[in-house]
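So the structure is just underneath, and the comments pick up after that.
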RNA sequence: GGGCGGUUAGCUCAGUUGGUAGAGCGCCACGUUUACACCGUGGAUGUCGGCAGUUCGAGCCUGUCACCGCCCACCA
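Residue numbers (the numbering used here): 469 to 1378.
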């Protein structure tokens, strides 16, 4: 016996255990050896992570697809795994060390620290896996992978070596985005431009030759800057070649204040006469644009900042290379060396000001680059790093999408993808971290680099090169986390080995992810997949919305605006949360989650539960071999057809990734068709004297419930599996699991006659109920009903459904005849239904009601008339549209006429 | 500066071939029916952001404006 309400907490973990024990999630089951594969790789969550709403949405949608395709008979692989998440994880463990007052990373040393991270990963790294299970995810956990597993690490090394040998990975000295807090380079994508209110300092640089005089503008040139502290590294002042104001100065020098260095005034089109003073100071070692200018003019690059972004003047041979250190400069060096960049800024401004070298200071709003992890202001810095030639790899990746080998859903994301890919920059892949894949490059005594998959191979190369064995030192850097993520679709399947899984499941069918990682991840997988496998990694990319907070902001731990999906699961059950997310996942729109919606879908689960309970109480048991096409009772033929329409709607919607439509269709069917009407309508049959009809109805009720469970299962796996199991013991499919049950097939069950008849029945009941409520007829009062003008068909229908009508419309009898006087009258198709309520109801009110009805129909007729009177409409609109309007008009007119008659009759009673 | 998306019932949002505006929640009234009060029955509420255009017909197509949001970008 089922409980009165569904209690998810009582069954979820047990149900999940049953699935796992039955190996229901396992790919490559022998029974499906002949089946078409269906593969999805999970976007690997960070091992540091715990389940947030984004994960909940992302994995719900994947699980819906996976369960759907599994029921459709495919050999499903949902490949799970986690990502080592270099920076994020290293930060977590470092913070932990700090909290526990243990020696820090550097004190521990690299090996001990990495051991510590591994230990942490083993202890709490699989938290998120448990949480995905609570959500109901049917991943093949036996194939769980981690980006730093030996196999995946081997894939990383091999790809690195292959790309290096192909010239697509190279080492280069250029400016990088340097995070002075994390002390590592990061890629362009990891930099966030933040609007900042700063200042624009206009500095006077004295021109070499004339004596500097603050009142004489010809003795100096003004440059504007947002970062005065970098002036120590200036190596030129640039003006636009066409700028008349400065043309005469081109080729002259200025004396760099505080330093005394002579630097040239050069002409370069980078200088924008509109901006600042029109003359710009050039600091090639600390600004990306200046770097390019410096390259063009062969300027020296003077680095004046340490990795920690402190002034680095001493010892710094670069800084003093071009200048004879004067006593003043020595004093400056002494005072400024080692000062953090922002403090140094003030000190330098003060010193310049003291020398009358500040023309003016303006407030200035601009964007400042910040590291997305540390939130520190990024410092462009000249360093040696490893790069991937992304532009070359991007070409086939662009082509594959253009040719439709991979499709984005919704399609408009392709624009974003193309735009980025077509302007892609070299990808900096080295990170000055310890946690991650150490770069497989070794250096000889003369810094000659040997790239190889392991040390032995590198040593062999070195021996070959030097003609004798030499000791090598390995590159200390690790690779960007996204380098290994980019290999995920094939590295998880065993590549570089030629495994059967790789052959069977690559390319995968669909990737489900949020748009925020199109560049980080999708683009890289496309590039790597095409390069390594010579085939796209997935056929479809379904891009879903982000779950945002009330202000439309991305939820993130640092912002503290996170709604915990586990709380919602605790309160309402995993099914309710899943259904909510699926129902709200309309394409191309963000999701703002409201708890009341989750509660509503929890109620839905309970509704379904009680429908099953009704079946249980009434002996509705699935019968083996039952063919719904053989049903004789109209009601049963109707519900069979309705269930099949729902099957089609859900199937089509899921095939097109329209999750919200699929969810809506099954919701509507279960609640508003099966429960609201079918179960109510069959009560008289079940209680009636026709044993055959009752038996057929019991079977059909169970059959349709089974269908509902099947169609709902991808969305609400727990409650449906539980109800499937609890169906009467002798039922069809006893002992089977719903998760492995087949998706229903289309049999052509819809029947127009049954639809028309039950449609009429529903309308009859609804109209009577509506009028009763409006006329304030007490709900408990049973009243008689008189039908006039009924056709033969209507009479027959009334006869067939009399008990039902009496019960659901709260009538005590139905007879045919003239409408009695003072009755409430309802127009139903050709007939008039009269409720003789003289004395009970207010005739005035009924008269008003009828007039209102007449008005409504009247205005409808007017509207249609206007259309039909429009000659252009009649001549240009398609025939069926015009015909439709004519039909609507004649129907409306018939109703109007009957209402008029009804009104007359009523007034006669007064 | 470039690109994308949004503006529909009090709230959160659906609305894919242009042809009678929908759901959930909330609200109001009533509670007969032994599946369900996590419920039932009935009800109210919209110049579909503004303007212009295309069309017989526009929430849907085009242009434009306004406001909101996101992404990309080297603006001293």
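A virtual CB, placed ideally from N, CA and C, is assigned to each residue, including glycine.
Here the structure is a predicted model, which is why all the values come from computation and not from measurement.
Completely contained beta strand (DSSP E) runs for the segment 561 to 624, where each covers 3 or more residues = With a minimum length of 3 residues, no continuous beta strand (DSSP E) run stays inside the segment 561 to 624.
message = Can you find the residues in the same chain that come closer than 7 Å, C-beta to C-beta, to residue 1044, ignoring five residues on each side of it along the sequence?
response = The count along the first chain starts at 1 and reaches residue 1044 at position 576. So the list reads 1066, 1069, 1070 and 1073, once near-sequence residues are dropped.
message = Given a cut-off of 7 Å on the beta-carbon distance, is the pair residue 781 and residue 750 in contact?
response = For the purposes of this step, residue 781 is taken as the residue at position 313 of the first chain. For the purposes of this step, residue 750 is taken as the residue at position 282 of the first chain. In this structure, residue 750 does not lie closer than 7 Å to residue 781 by Cβ.
query = Shortest alpha-carbon distance to residue 1040 belongs to which of 1062, 1058, 1054 and 1030?
reply = One-based indexing of the first chain puts residue 1040 at position 572. When each option's Cα is compared against that of residue 1040, the closest is 1062.
Short Cβ contact (7 Å threshold) for residue 660 with residue 838 = Counted from its first residue, the first chain places residue 660 at position 192. Counted from its first residue, the first chain places residue 838 at position 370. Yes, the pair counts as a contact, with Cβ atoms nearer than the cut-off.
request  = Identify, in the order they occur along the chain, each residue of the same chain with its Cβ nearer than 7 Å to the Cβ of residue 969, setting aside the five sequence neighbours on each side.
outcome  = The residue labelled residue 969 in the question sits at position 501 within the first chain. The answer, listed in chain order, is 961 and 962.
C-beta contact flag for residue 528 and residue 1046 at 7 Å = The residue you call residue 528 lines up with position 60 of the first chain. The residue you call residue 1046 lines up with position 578 of the first chain. Contact check for residue 528 against residue 1046 passes: the beta carbons are separated by less than 7 Å.
request  = Starting from the N-terminal side, write out each stretch of the beta strand (DSSP E) that is 3 residues or longer and does not extend beyond the segment 761 to 836.
outcome  = For the segment 761 to 836, not a single whole beta strand (DSSP E) run of length 3 or above is found.
ask   = Out of 744, 541, 893 and 491, which has the shortest C-alpha to C-alpha gap to residue 1211?
value = What you label residue 1211 is simply residue 743 of the first chain in a count that begins at 1. Of the candidates 744, 541, 893 and 491, the residue whose Cα lies closest to the Cα of residue 1211 is 541.
key: Whole-Å CB distance - residue 898 paired with residue 840, under 8 Å assumed   = Along the first chain, one-based indexing puts residue 898 at 430. Along the first chain, one-based indexing puts residue 840 at 372. Between residue 898 and residue 840 a beta carbon distance of about 18 Å is seen, past the 8 Å cut, so the two are scored as non-contacting.
request  = Ignoring anything shorter than 4 residues or poking outside the segment 684 to 772, list the alpha helix (DSSP H) runs there in chain order.
outcome  = List check, alpha helix (DSSP H) in window: 756 to 765.
ask   = What is the DSSP secondary structure of residue 1093, counted as helix, strand or coil?
value = Locating residue 1093 in the first chain gives position 625, counting from the first residue. Coil at residue 1093, not helix or strand.
query = Going by the beta-carbon positions, is the gap between residue 853 and residue 524 smaller than 7 Å?
reply = Stepping through the first chain from its first residue, residue 853 is reached at position 385. Stepping through the first chain from its first residue, residue 524 is reached at position 56. The answer is no: Cβ separation not under 7 Å.
ask   = How about residue 902 and residue 568: are their beta carbons less than 7 Å apart?
value = What you label residue 902 is simply residue 434 of the first chain in a count that begins at 1. What you label residue 568 is simply residue 100 of the first chain in a count that begins at 1. The Cβ atoms of residue 902 and residue 568 do not sit closer than 7 Å to each other.
query = What residues are listed by DSSP as bridge partners for residue 1438?
reply = Beyond the ends of the chain as shown, which are 469 and 1378, falls residue 1438; an answer cannot be given.
task = Pull up the distance between the alpha-carbon of residue 627 and that of residue 1000, whole angstroms please.
result = Locating residue 627 in the first chain gives position 159, where the first residue counts as 1. Locating residue 1000 in the first chain gives position 532, where the first residue counts as 1. Their backbone Cα atoms lie some 7 Å apart in a straight line.
ask   = Is residue 1217 helix, strand or coil by DSSP?
value = As a position in the first chain, residue 1217 is number 749, starting the count at 1. The answer is coil: DSSP assigns residue 1217 none of H, G, I, E or B.
4 or more residues per run - each alpha helix (DSSP H) lying fully within the segment 905 to 991 = 923 to 934, 949 to 953, 956 to 959 and 968 to 973, all fully within the segment 905 to 991.
task = Please state if the CB of residue 1104 and the CB of residue 1168 are separated by a distance shorter than 7 Å.
result = Numbered from its first residue, the first chain carries residue 1168 at position 700. Numbered from its first residue, the first chain carries residue 1104 at position 636. The answer is yes: Cβ separation under 7 Å.
Beta-carbon proximity of residue 621 to residue 966, cut-off 7 Å = By one-based count along the first chain, residue 621 stands at place 153. By one-based count along the first chain, residue 966 stands at place 498. No.
ask   = Between the C-alpha atoms of residue 1149 and residue 986, what's the straight-line distance to the nearest angstrom?
value = As a first step, residue 1149 must be located in the first chain, where it is residue number 681. As a first step, residue 986 must be located in the first chain, where it is residue number 518. The straight-line gap from Cα to Cα measures roughly 51 Å.
request  = Pull up the distance between the alpha-carbon of residue 604 and that of residue 1253, whole angstroms please.
outcome  = In the first chain, counting from the first residue as 1, residue 604 sits at position 136. In the first chain, counting from the first residue as 1, residue 1253 sits at position 785. Taking the straight line joining both Cα atoms gives about 52 Å.
task = Taking all protein chains shown into account, decide if residue 520 is buried (16 or more other Cβ within 10 angstroms of its Cβ) or exposed.
result = The residue you call residue 520 lines up with position 52 of the first chain. Buried, by the Cβ-count rule.
ask   = CB-CB under 7 Å to residue 713, same chain, minus the five flanking residues each way: which ones, in chain order?
value = As a working note, residue 713 is residue 245 in the first chain. Around residue 713: 746.
ask   = Are at least three pairs of beta-carbons, each pair with one atom in the segment 667 to 684 and one in the segment 820 to 832, less than 8 Å apart?
value = Yes: the two stretches touch, three or more of their Cβ pairs being nearer than 8 Å.
ask   = Does the distance from the CB of residue 777 to the CB of residue 732 come in under 7 Å?
value = As a position in the first chain, residue 777 is number 309, starting the count at 1. As a position in the first chain, residue 732 is number 264, starting the count at 1. Contact flag unset, no.
query = Can you name the start and end residues of the alpha helix (DSSP H) that residue 1127 belongs to?
reply = In the first chain, counting from the first residue as 1, residue 1127 sits at position 659. Element bounds for residue 1127: 1127 to 1136.
query = Looking at C-beta atoms only, is the number of pairs between the segment 1129 to 1148 and the segment 549 to 566 that lie closer than 8 Å three or more?
reply = The segment 1129 to 1148 is not in contact with the segment 549 to 566.
task = May I ask you to report which of helix, strand or coil DSSP gives residue 838?
result = Position 370 of the first chain holds residue 838. Assignment of residue 838 by DSSP, reduced to helix, strand and coil, places it in the strand class.
inquiry  = Just to check my reading of the structure: residue 1176 and residue 1109 have Cβ atoms closer than 8 Å, yes? What is that Cβ distance to the nearest angstrom?
reply    = Position 708 of the first chain holds residue 1176. Position 641 of the first chain holds residue 1109. Rounded, the Cβ-Cβ distance is 14 Å, inconsistent with contact.
message = Going by DSSP, what residue range makes up the beta strand (DSSP E) through residue 673?
response = Sequence index remark: in the first chain, residue 673 carries index 205 (1-based). First-last of the beta strand (DSSP E) with residue 673: 659 to 674.
message = Mapping the DSSP letters down to three states, classify residue 876 as helix, strand or coil.
response = The sequence position of residue 876 within the first chain is 408, counting from 1. Under the three-state reduction of DSSP output, residue 876 falls in the strand class.
ask   = Relative to the C-alpha of residue 625, which residue among 942, 998, 908 and 1089 is closest?
value = Along the first chain, one-based indexing puts residue 625 at 157. Per the Cα distances, 908.
query = When the Cβ atoms of the segment 1121 to 1139 are set against those of the segment 1245 to 1262, are three or more pairs found closer than 8 Å?
reply = Short answer: they don't touch.
inquiry  = Run through the DSSP bridge pairs and tell me what residue 639 is partnered with.
reply    = The sequence position of residue 639 within the first chain is 171, counting from 1. Looking at the DSSP assignment, residue 639 forms a beta bridge with 854.
query = If we count the other Cβ atoms within 10 Å of its Cβ and call it buried at 16 or more, is residue 688 buried or exposed?
reply = Along the first chain, one-based indexing puts residue 688 at 220. Classification of residue 688: buried, given that the 10 Å Cβ count is 16 or more.
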